[in-house]
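Converting from the sequence shown to the working numbering requires adding 5 to each position, the first position being numbered 1. Here a beta-carbon is modelled for each residue, glycine too, at the ideal position from N, C-alpha and C. Let me begin by presenting the structure, written as structure tokens, before commenting on it.
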Amino acid sequence: MTDSARAVKLAAMSEMILGIDLGTTNSAVGVVDSGFPILLANEEGRRITPSAVWIGKDGSVEVGAKALRRRALEPERVVTSIKRLMGRRTSEVEENFPVQVTAGADGSPRVLGKSPEEISAEILLEMKRIAEWRMGAEITKAVITVPAYFHDAQRAATKRAGELAGLEVVRILNEPTAAALAYGLDKLGEKARVAVYDLGGGTFDLSILEMQDGVFQVLATHGDTRLGGDDLDALILDCVLERAAIGEIDLAARVRLMAEAERVKLALSDEEVAVFRVPFYDGSRSLEEPVTRADLEKLASPWIARTLRLCRQALADAALQPEDLSAVVVVGGSTRMPAVRRAVGELFGREPDISQHPDEAIALGATIQGGVLSGALRQMILLDVTPLSLGIETFGGLMNVLIPRNTTIPCKAGEMFTNAADGQAAMRVRVLQGEREMAKDNWELGSFDVRFSPSPKGQARVGVQFKIDENGILEALARDVSTGVDTVIRIESAAVDVDDAAVEAMVSESVEHAFTDMAERVFTEAKMKAEELLPAVEAVLAQGLALDDERGDIESAAAAVRVALAGGAANPLKSAVQRLDSATEALAARLVEQALDAALDRKLSGE
Ligand code: AMP
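Shown next, in the form of structure tokens:
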């Protein structure tokens, strides 16, 4: 090859965009080559590489099967399931994480002295290396998938991991959306509505998408970032330990036993009985317990039920019945379990579609998206949605939604706000995510103060705008309209001091609490109105401005508002406020008219 020919080839290659599935258990990488999305095999000839990282005492690193092989000798130096720590704080790390987690200076978790991003970066670096080795060229751009339910800090951490690995992350793509892209690749001419049920090692996601003529629109998405096959391994282990009456075990023994629990689980997808067998698991004791498929299914039943609940919510969000769907595509390693397939089939009233490779569909979808972005594939466009509503807290502790859940992204929305008190010189903007009516029940992503010149109540004008980019990362901007000064925060820091379990619970809780939440909102709104009306009415009455025939009505309506306020119930307060409002309507109109006349008189008399 001449030098100039090589230069041309490298230039063309540099446009390639990798598609990477950075999974809890396994990872995979692909690229569009000559118009076809393909996954690239590692040196062992496998398109799937375990997401395992061995970190030696001298700092050297090995990734994949090589790392797992080191487990027998150095279990404490082999990190798996690192995805579970991405974008989390140490206080959120679940018990039984397979390796020891310590707290960094900033409260973020550290494993063997490294951050979750740095460890994930090692996996991404390995993916990049495999791709460059297979393609014979340097590749610096990637699409990386994350669970649809990954929140902002987790997405941002994934992006940072990519950057640490020398990759420009051109898109963060939701995993079920990626699976739907893979599913839709050979069905471009058709109109279809599909649900993608993705149950992997660490997370569960359910998305409902509509596709037509190569355009994919996500209609609804639900999931749980802490629900996956790993939990089932832990349940199997607990059950076996209980049967064998074994109490405390140390971390190293636990790691070995968890690996055996997973092996037993996999075996039970094909067989009726498997023997849980670990000789000398703690150096002296051995463990041997038969486990049946029926045992496993009993343990798995509540775990599967949790996924079904989220499926029902997604259907309700998309306002669809199971029969409105053309297919239910299952992906993720855990959907190989017969019990999972059966339950999905029953809920959706049809056989699940298993045409997609459970371990490869997501990487394939990411690869397709990479191809679309690089221009190598032109037939597909993807419209993604926000998984949870975004808004700010307003006076009275209410959630004011700016971007409702399931809005197509990228998107932008804004609203104008004002000061609630006289002389107020700053406003705290609390950026919230969640489905509950009251701010306190939602999740705070961040907050900042907007300063403005002190002004009478209702005079300041602050515009708040939310912008979500194509990666699902949020930028919140507040503008003091009188000065034009902007305050902006980009919400991508990992410093989200909220227990994440609350996030997952939130969507189901919002349904559960819909009635009481709404009552609380109605009460708060009516209370704010009452607190504004009552002093004004009292002042007007004291000045004797009411006519005799309206006075009695106004007084009794005001008294009813006071009683309803003390009573604390939403609807009676709302009606009492409405009654006071209409009782004072004529009076208010007269007062406004008089004020206008007075102003006109002053103007005419040249004051
Ligand atoms: P993923 O995150 O999609 O790679 O899925 C990995 C999860 O799938 C792990 O928890 C595996 O134990 C689980 N898994 C893989 N194969 C099977 C199988 N045949 N039966 C049950 N679970 C499986």
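Residue i beta carbon near ligand 1 (any heavy atom closer than 7 Å)
| i | result |
| --- | --- |
| ARG341 | yes |
| ASN447 | no |
| GLU267 | yes |
| ASN31 | yes |
| SER274 | yes |
| GLY233 | yes |
| ASP364 | yes |
| GLY401 | no |
| LYS270 | yes |
| GLY205 | yes |
| GLY228 | no |
| GLY35 | no |
| GLY69 | no |
| GLY28 | yes |
| GLY338 | yes |
Of the residues the options, the one placed nearest residue i, counting alpha carbons only
| i | options | result |
| --- | --- | --- |
| GLN361 | PRO181, GLN548, ASP329, LEU538 | PRO181 |
| PRO540 | ARG526, ALA564, ALA519, ALA524 | ALA564 |
| ALA366 | THR312, GLU123, GLY35 | GLY35 |
| LYS462 | ALA575, MET432, LEU246 | MET432 |
| MET261 | GLU543, GLY64, THR85 | Here residue 261 turns out to be Arg, not Met, going by the sequence shown. Nearest C-alpha to ARG261: THR85. |
| THR399 | ALA425, VAL37, GLY61 | ALA425 |
| VAL280 | SER306, LEU301, ASP287, GLY439 | LEU301 |
| LEU325 | VAL199, TRP448, ILE177 | VAL199 |
| LEU578 | SER610, LEU320, ARG268, PHE528 | PHE528 |
| LEU117 | ALA299, GLY61, GLY167 | GLY61 |
| LEU596 | TRP448, VAL467, ALA551 | ALA551 |
| SER587 | ALA162, GLU475, GLU555 | GLU555 |
| LEU315 | VAL349, ALA344, PRO284 | VAL349 |
| MET21 | VAL104, GLY92, ARG139 | ARG139 |
| ALA569 | GLY557, VAL582, GLU525 | VAL582 |
Residues sharing a beta bridge with residue i, DSSP
| i | result |
| --- | --- |
| GLN438 | LEU395, TRP448 |
| PHE614 | Residue 614 cannot be examined here, being either before or after the span of the chain that is shown, 6 to 612. |
| PRO284 | Per DSSP, none; premise fails for PRO284. |
| ARG518 | The question names Arg, but residue 518 in the sequence shown is His. Per DSSP, none; premise fails for HIS518. |
| TYR202 | LEU211, VAL335 |
| ASP229 | PHE209 |
| ASN31 | PRO55 |
| LYS119 | VAL116 |
| GLY24 | GLY35, VAL148 |
| GLY572 | Note: GLY572 sits in no beta bridge, so no partner. |
| SER460 | GLN429 |
| GLU294 | PHE281 |
| LEU44 | GLY35 |
| VAL84 | VAL58 |
| GLN217 | VAL220 |
Contact under 8 Å by Cβ, residue i with residue j
| i | j | result |
| --- | --- | --- |
| THR150 | GLU173 | no |
| ASP210 | PRO152 | yes |
| GLN318 | HIS227 | yes |
| ALA531 | ALA575 | yes |
| ALA368 | ALA33 | yes |
| GLY5 | ALA185 | Any answer about residue 5 is impossible in this case: the structure gives the chain only from 6 up to 612. |
| LEU403 | MET443 | yes |
| SER113 | ARG89 | no |
| LEU479 | ASP157 | yes |
| GLY665 | GLY337 | Outside the shown range of the chain, which is 6 to 612, sits residue 665, and nothing can be said about it. |
| ALA381 | GLY69 | no |
| ILE473 | ILE414 | yes |
| ARG248 | GLU294 | yes |
| ILE135 | VAL58 | no |
| PHE422 | VAL467 | yes |
| GLU449 | ARG435 | yes |
| ARG165 | GLU475 | no |
For residue i, the first and last residue of its enclosing alpha helix (DSSP H)
| i | result |
| --- | --- |
| GLU173 | That residue, GLU173, is in no alpha helix (DSSP H); its beta strand (DSSP E) goes 173-179. |
| ALA581 | 575-588 |
| VAL260 | 256-272 |
| LEU242 | 234-248 |
| GLU351 | 343-353 |
| ARG165 | 157-169 |
| LYS62 | First-last for LYS62: undefined, no H or E at that position. |
| ASP74 | Sequence inspection shows Arg at residue 74; the Asp mentioned does not correspond to that position. Unbroken alpha helix (DSSP H) run through ARG74: 70-74. |
| THR372 | 366-379 |
Boundaries (first-last residue) of the beta strand (DSSP E) holding residue i
| i | result |
| --- | --- |
| LEU190 | Unbroken run through LEU190: none, as it is neither H nor E. |
| SER4 | Any property of residue 4 remains undetermined from this structure, which presents the chain solely from 6 to 612. |
| PHE471 | 467-473 |
| ASP485 | 479-485 |
| GLU143 | Taken as a continuous stretch (DSSP letters only), GLU143 belongs to no beta strand (DSSP E), as it is neither H nor E. |
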